Every structure is written in C-alpha cells, then in structure tokens.
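>
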C-alpha cells in the first residue's frame, strides 16, 4: 500500500516561493507609501519655513509720532494671516493683543502703547501655498 500523507516537496516549495513573493510585494508597497508621505511632509514644512522667512522680513514695527500707537506694516507682496502682537513692560509682564490679518503693502495701527511698554513681538504662522501645513514663524521684535 502506498499511503502518502502530506504535500509533495515540489508543491511545498512552490507554495513557499509564492508566499515570499506576496509578502515582499506587501512590504515594498508599505515602505514606498511611508517614504512618499515623509517626503511630502518634509516638502510642505520646508515651503512653510520659506514662507516664514518672507513674512518675518516683510513685517516692520514702528511707533507713531506721538509715541502712543504701535504701527505694524507688511512691506511684502504676501498677505499675512493670524498676526498677534505681544507687549512687554519693563517688569517683564506680557499682554497679548487679538489676532489680525494684514494685506500686502499695508499698515495697521494695531494698539495703544502703555507708558511702561518697552518691547513688542509679532507672532505669526507661515503656511505653504496650498495651506495644507503650517509652521510658527520666529517672532519679529521691536524694542523701545
């Protein structure tokens, strides 16, 4: 009697090779997707950082002639969204204003200046062109 049990070695080898090929395809697909996502995120952040550089160099702070109003100017060609001016007094206390937007080549008399205010920082957020990602920009500083 010929009692063969199990799978022949040839069929077992073919099955193992098929499983290995399928697993390698799945791993390759997963790695490719992960790398592409990482590259896209990095590109987006770099573009937002470049926008921050443009914005921080475009924002200028000054005080009006009477010395009682802070003037925030956008000297760049890009509209700036989400500006926030923080006031610092001589004791180091801070006071944050409300957020506002500033169009290209425009100025905004933002707020009254207290007699003890000695420094101001403008905070803003840089976004990529599609506004898919954003980065907090370095603040622009004015000291009196």
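Residue numbers (my numbering): 5 to 148.
Just so you know, even glycine gets a beta-carbon here, dropped at the ideal spot from N, CA and C.
Just so you know, these numbers come straight off a predicted model, no measurement behind them.
Taking one C-beta from the segment 45-53 and one from the segment 91-110 each time, how about it: are there three or more such pairs within less than 8 Å?
At 8 Å Cβ cutoff, the stretches do not touch.
> Three-state secondary structure (DSSP) at residue 121?
Within the chain shown, the letter at position 117 stands for residue 121. Note: residue 121 maps to strand in three-state DSSP.
> Check whether the segment 138-145 and the segment 55-70 touch, using three or more Cβ-Cβ pairs below 8 Å as the test.
Output reads yes: the segment 55-70 touches the segment 138-145.
> Is residue 60 helix, strand or coil when you go by DSSP?
What you label residue 60 is simply residue 56 of the chain shown in a count that begins at 1. Helix at residue 60.
> Tell me whether residue 95 sits in a helix, a strand or coil according to DSSP, three-state version.
Locating residue 95 in the chain shown gives position 91, counting from the first residue. In the structure shown, residue 95 sits in coil (DSSP, three-state: anything other than H, G, I, E or B).
> Would you mind sorting residue 124 into buried or exposed? The rule is 16 or more other CB atoms within 10 Å of its CB.
Taking the first residue of the chain shown as 1, we reach residue 124 at position 120. Classification of residue 124: buried, given that the 10 Å Cβ count is 16 or more.
> Just how far apart, CA to CA, sit residue 80 and residue 43?
Against the chain shown, residue 80 aligns to sequence position 76. Against the chain shown, residue 43 aligns to sequence position 39. So the alpha carbons of these two residues sit roughly 29 Å apart.
> I'd like the ranges of any alpha helix (DSSP H) spanning at least 4 consecutive residues and lying wholly in the segment 13-85.
With a minimum length of 4 residues, the continuous alpha helix (DSSP H) runs that stay inside the segment 13-85 are 13-62.
> Quick check: what's the CA-CA separation for residue 102 versus residue 40?
Counting from 1 along the chain shown, the entry for residue 102 is found at position 98. Counting from 1 along the chain shown, the entry for residue 40 is found at position 36. If I take the Cα positions, the gap works out to 38 Å.
> Restricting to Cα atoms, I'd like to know which of 32, 74, 33 and 53 is closest to residue 119.
Here residue 119 refers to the residue found at position 115 when the chain shown is read from its first residue. Checked all of 32, 74, 33 and 53; the closest Cα to residue 119 is 74.
> Measure the CB-CB distance between residue 92 and residue 122 and report whether it falls below 9 Å.
As a first step, residue 92 is located in the chain shown; it is residue number 88 there, counting from the start. As a first step, residue 122 is located in the chain shown; it is residue number 118 there, counting from the start. Against a cut-off of 9 Å, the Cβ pair of residue 122 and residue 92 comes out as a contact.
> Go ahead and label residue 20 buried or exposed: buried means 16 or more other beta carbons lie within 10 angstroms of its beta carbon, across all protein chains shown.
Here the question's residue 20 lines up with position 16 in the chain shown. Classification of residue 20: exposed, given that the 10 Å Cβ count is below 16.
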